[in-house]
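S.K.: The structure that follows is given in the form of structure tokens.
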Amino acid sequence: MSDDCIFCKIIRGELPSKKVHEDDTVYAFEDINPQAPVHVVIIPKEHYDSVLSVPAGSDIISHIHTVANRIALKLDVADSGFRLVNNCGADGGQTVPHLHYHLLGGRSLQWPPG
Ligand code: 5GP
Ligand code: ZN
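Residue numbers for the sequence shown follow my numbering, beginning at 11 and rising by one.
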């Protein structure tokens, strides 16, 4: 946990969020500024600044993907398709320094991204 991290505050319930999923190690909630009809942010409860900080041998990334699959099914975008995105660092577009994945769906997404 990091005292001044907004996603750690969301996990602790100090900031409001619209919860989509929670288990022992992962929390998922609706993005405050959705870029698609379905836009869920999936985060580990343990604070990592980015995906670069995840130790080798950790199963947290695998578990996040499993959770993403479950959320895609629950929100009915599994059949139509969805995108799972991790922005890492400044050029990657990461604005919140707590590891997270975006699950986007509900519309046809463009490629390449901007
Ligand atoms: P990044 O740009 O770091 O990849 O993604 C951060 C995401 O977190 C953005 O899509 C942004 O809209 C979302 N976000 C930032 N602050 C909050 C917040 O307080 N609540 C929620 N629900 N989402 C947030
Ligand atoms: Zn954090």
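The beta carbon of each residue, even a glycine, is placed where N, CA and C say it ideally should be.
Just so you know, these numbers come straight off a predicted model, no measurement behind them.
Within 10 angstroms of the Cβ of residue 42, are there 16 or more other Cβ atoms? Answer buried if so, exposed if not.
M.R.: As a working note, residue 42 is residue 32 in the sequence shown. So residue 42 counts as exposed.
S.K.: Do residue 86 and the ligand 5GP come close, with the Cβ less than 6 Å from some heavy atom?
M.R.: What you label residue 86 is simply residue 76 of the sequence shown in a count that begins at 1. Within 6 Å of the C-beta of residue 86 there is not a single heavy atom belonging to the ligand 5GP.
S.K.: So residue 115 and residue 46 are in contact, right, with Cβ under 8 Å, and what is the actual spacing, rounded?
M.R.: On the sequence shown, position 105 is the one that residue 115 refers to. On the sequence shown, position 36 is the one that residue 46 refers to. The pair is a contact, with the Cβ atoms about 6 Å apart (cut-off 8 Å).
S.K.: Taking the alpha-carbon positions, what's the residue 50 to residue 29 distance?
M.R.: Position 40 of the sequence shown, counted from the first residue, corresponds to residue 50. Position 19 of the sequence shown, counted from the first residue, corresponds to residue 29. A direct Cα-to-Cα measurement between residue 50 and residue 29 gives close to 9 Å.
S.K.: Considering only residues of the region 31 to 91, which uninterrupted alpha helix (DSSP H) runs meet the minimum length of 4 residues and lie entirely inside it, listed in chain order?
M.R.: 70 to 84
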